[in-house]
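J.:
In the numbering used here, the protein residues as written are 790 to 870.
1. Mapping the DSSP letters down to three states, classify residue 831 as helix, strand or coil.
2. Alpha carbon to alpha carbon, how far is residue 851 from residue 829?
3. Can you tell me which of the three DSSP states residue 845 falls into?
4. Determine the direct distance from the alpha carbon of residue 813 to that of residue 868, and round the result to whole angstroms.
5. Please classify residue 790 as buried or exposed, where buried requires at least 16 other C-beta atoms within 10 Å of its C-beta.
6. With DSSP run on the structure shown, which of helix, strand or coil describes residue 837?
What follows is the structure, given as structure tokens:
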């Protein structure tokens, strides 16, 4: 994660709010990890290779913009908030 990714994550947090911002960041980490492991498994990247993280931050933000309320309801039901 570079400094540009930090600024992008900060702006996503301001746009979505702190709860949805954390969930967007979590979604970004999970999708990035799945993508990275897939590339390593297919031998297109090595374990030390770098992959841009910005697109995954944007994916997390878009998911939370469109389906954020549903995701928050599910989390509240699971954890009993």
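Just so it is clear, CB atoms sit at the ideal spot from N, CA and C, and this is done for glycine as well.
T.: Result, derived from the coordinates:
1. Looking up residue 831 in the chain shown gives position 42. Residue state, collapsed to three classes: coil.
2. Position 62 of the chain shown, counted from the start, is the residue given in the question as residue 851. Position 40 of the chain shown, counted from the start, is the residue given in the question as residue 829. Approximately 26 angstroms, taken between the alpha carbons.
3. As a working mapping, residue 845 is identified with position 56 in the chain shown. Here residue 845 sits in helix by DSSP.
4. Taking the chain shown and counting its residues from 1, one reaches residue 868 at position 79. Taking the chain shown and counting its residues from 1, one reaches residue 813 at position 24. Distance between the alpha carbons of residue 868 and residue 813 is about 18 angstroms.
5. As a working note, residue 790 is residue 1 in the chain shown. Classification for residue 790: exposed.
6. By one-based count along the chain shown, residue 837 stands at place 48. It is coil, neither helix nor strand.
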